[in-house]
Amino acid sequence: MSRMPHSHHHDASDLHEGVGHTHDHDSAELESDGADLLDLDAQVLHGYWDSALDLATAALSERAARGERSPARVVDLGAGTGTGALGLARRLPDAEVVAVDVSELSLARIHAKAEAAGTGDRVRTLVVDLDAGWPDLGPVDLTWASMSLHHLADPTRSLSELRRVTRTGGLVAVAEFDEPLRFLPDDLGVGRPGFETRALDALSVVHAEAVPTLGAPWASILGDAGWTVTGQHDLVIDESSPEHPLAGPYARGWFDRLSHGLADRLDAEDRLTLTTLLGDGPLSLLHRTDLHLRGVRTVTVAHT
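Under this note's numbering, think of the first position of the sequence shown as 1, with each following residue one higher.
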């Protein structure tokens with residue numbers, strides 16, 4: 001397969017499932033860490049995932065209940081480690097689910113999870129770079145794309161191609177967020193207050209340079225690609241760390257990825273703060289009891 005001709009850093013706020021990109025840090029270890037972070041995202045933010053996938057599958061579930069056109073073909077576009085693909089398979093028990101991604105490591109995890117869940121006969125994986133063209137999947141009923149479309153060189157063109165292979169009345173659901181999650185209180189007890197805000201401000205500059213479509217107006221892009229937008233749903237994430245035992249490891253994985261692409265844009269004091277957060281001491285992310293996950297992810301639904 002071919003990949004996109006350009007590459008960029010993958011950092012904390014760029015948690016996504018991939019459809020057409022390469023790694024600046026071309027190592028199995030970094031790819032594995034990213035896959036682990038996606039798995040943590042699914043566990044810690046399970047409430048968000050349930051709501052988002054319920055939105056994506058509502059129309060097909062209603063159609064199946066009426067006995068109309070079943071089974072369906074469903075695509076998870078940029079499937080990562082399979083949170084979407086496995087969730088789609090559970091919600092649509094008669095559907096064939098195709099998990100598309102550029103990472104063979106991530107797709108191997110999906111295959112193992114599907115086998116363990118007893119859905120291996122309905123969930124198949126496909127390694128592909130959508131910037132090289134749309135794969136031959138046959139007619140599609142529903143496409144789920146979570147944090148992946150902003151990596152495409154020309155998302156309007158790719159969404160136009162997707163529309164051409166989608167059945168009449170078929171759907172696409174695009175999940176993205178304009179800003180990364182926040183985890184930290186303003187005063188960390190180390191360094192000067194406001195570390196997370198400064199880090200995210202620097203990150204926005206990185207993204208403006210490397211990923212210009214991150215935070216794009218997806219309703220408008222879908223419209224330009226010929227889709228009819230039927231809804232835009234802002235799903236609020238607001239969870240305190242005591243609510244989930246993996247919040248600390250999740251936050252650490254998030255900031256560890258941030259450190260690969262952002263450390264050289266922080267001043268000396270903030271670099272020291274980041275080192276403290278990633279360490280093992282009492283003020284580290286693994287031991288803090290004041291984490292508060294908050295943010296908004298938007299799910300845009302459209303039909304042919």
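Even glycine gets a Cβ: it sits at the ideal position worked out from N, Cα and C. In this text the structure is predicted, and so the values were computed from the model without any measurement.
Measuring CA to CA, which of P135, I221, D186, S103 is closest to L149?
-> I221
How would you call H21, buried or exposed, if buried means at least 16 neighbouring beta carbons within 10 angstroms?
-> Confidence is the limiting factor: at H21 the pLDDT is only 46, short of 50, which leaves the residue's position unreliable and the question unanswerable from this model.
Supposed close pair S51, L92 - CB separation, criterion 8 Å | With a Cβ gap of about 16 Å, S51 and L92 do not count as contacting.
Using the DSSP secondary-structure output, state which residues sit across from V98 in a beta bridge.
-> V75, R124
Cα-Cα separation, A56 to S284 = 37 Å
Nearest-angstrom Cα distance between R252 and A263?
-> 15 Å
Span of the alpha helix (DSSP H) holding D270?
-> 268-277
Three-state class that DSSP yields for A225 in the structure shown = coil
Work out the CA separation of R124 and H111 for me, nearest whole Å.
-> 7 Å
Inter-stretch contact (C-beta, 8 Å, three-pair minimum) for the segment 153-165 and the segment 263-272 = no
Could you pull out every residue in the same chain whose Cβ sits closer than 8 Å to the Cβ of G189, ignoring the five residues on either side in sequence?
-> L283
Are the CB atoms of D201 and P193 nearer to each other than 8 Å?
-> no
Sheet register partners of I237 (DSSP bridge) = G295
Do you know offhand how far S146's Cα is from S240's?
-> 23 Å
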